[in-house]
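Read through the structure below, which is laid out as structure tokens, and then see the notes.
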Ligand code: IPE
Ligand code: IPE
Ligand code: MG
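Numbering (our numbering), first residue to last: 10 to 261.
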């Protein structure tokens, strides 16, 4: 079974939604629970949003699961988060596959233990030929890490004589970034009330519509997500042009 698309092709539906799933710790603290309970509860919100993206015809969903900076958290939380990531991969991949979702993990995997790396590879391979929703999980990811590894790759191409310095342009930079080949995010959502990017997609957010929700991630459900989609649908995206130019081009 594939998720049924209600609005596929609608110009008002974002093609790519990128989410900073923030507020798990506060959700747990409010309930006098350990922080990991909040991360566990956050998994249900992930399931809801993945399902809804399928129904709404969103092509790509990127979820920020663990940032390059999150290693600075207490070792116990990091260890439990890695465990949760592994369990979730293990338990969810069959269902994702059944729903035609193609899963990819983006970030520096060299820091993960071999067991987790193996689960990642397995999940990616198993879902590689699916052509439904593309689910990107940013794990040990940072926008600066991505730009840094991209610069290294370009420098290597120059060193090998495969690329002239004069030919470095936006396209060649894109081609070595982790999200190459995917549309840039149309809609960015951050839950938990903070209004910052926290080293998420630095290059790709150049023209993304930014939406901030006060809800803590485990409380972010279908209605909240639909509200974000409605807000997005009401935006006029100008990409540097005037409002009048855009209205004319869209036939208003
Ligand atoms: C986001 O929730 C999840 C991760 C960063 C892994 P937090 O754990 O940051 O929750 P708060 O911000 O402390 O409430
Ligand atoms: C951003 O949340 C990273 C993830 C949601 C994975 P943080 O909670 O780590 O961000 P800051 O530290 O508040 O900026
Ligand atoms: Mg946080």
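Even glycine gets a Cβ: it sits at the ideal position worked out from N, Cα and C.
Checklist entry - Under three-state DSSP, which class holds residue 30? => result coil
Item to check | Boundaries (first-last residue) of the beta strand (DSSP E) holding residue 111 | outcome: In the DSSP assignment, residue 111 falls within the beta strand (DSSP E) that extends over 111-115.
Checklist entry - Can you check whether the CB of residue 255 is closer than 8 Å to the CB of residue 244? => result no
Item to check | Other residues of its chain near residue 241: CB distance less than 6 Å, five sequence neighbours each side excluded | outcome: 23, 196 and 218
Next on the checklist: Using C-beta distances below 8 Å, list every residue in its chain close to residue 142, excluding the 5 sequence neighbours before and after it, in chain order.
Outcome noted: 12, 59, 62, 63, 67, 68, 69, 70, 108, 109, 110 and 111
Checklist entry - Just checking, does the region 34-52 make contact with the region 210-226 on the three C-beta pairs under 8 Å criterion? => result yes
Checklist entry - When the Cα atoms are used, what is the spatial distance from residue 28 to residue 79? => result 16 Å
Next on the checklist: Quick check on residue 113: buried or exposed, where buried means 16 or more other Cβ atoms within 10 Å of its Cβ?
Outcome noted: buried
Next on the checklist: Whether or not the region 142-152 and the region 112-127 are in contact is what I'm after, with contact meaning three or more pairs of Cβ atoms, one per stretch, closer than 8 Å; do they touch?
Outcome noted: yes
Next on the checklist: Can you check which of these residues, 194, 198 and 165, is closest to residue 182 by C-alpha distance?
Outcome noted: 165
Item to check | Candidates 88, 129 and 121: closest to residue 100 by CA position | outcome: 129
Item to check | Three-pair Cβ contact test at 8 Å for the region 175-195 versus the region 205-221 | outcome: With a cut-off of 8 Å on Cβ pairs, the region 175-195 is in contact with the region 205-221, counting three or more such pairs.
Checklist entry - Comparing alpha-carbon positions, which option in 208, 104, 169 and 42 lies nearest residue 136? => result 104
Item to check | Start-to-end residues for the alpha helix (DSSP H) that takes in residue 241 | outcome: 231-242
Next on the checklist: When you compare the CB positions of residue 202 and residue 54, do they come within less than 8 Å of one another, or not?
Outcome noted: no
Item to check | DSSP-derived helix/strand/coil call for residue 221 | outcome: strand
Checklist entry - At what residues does the alpha helix (DSSP H) containing residue 97 begin and finish? => result Per DSSP, the unbroken alpha helix (DSSP H) holding residue 97 starts and ends at 84-107.
Item to check | residue 185 - DSSP class collapsed to helix/strand/coil | outcome: coil
Next on the checklist: Looking at ligand 3, does it come within less than 7 Å of residue 228, judged from the CB to the closest heavy atom?
Outcome noted: The nearest non-hydrogen atom of ligand 3 is 7 Å or more from the C-beta of residue 228.
Next on the checklist: So for residue 165, helix, strand or coil by DSSP?
Outcome noted: Here residue 165 carries a helix assignment [DSSP, helix/strand/coil].
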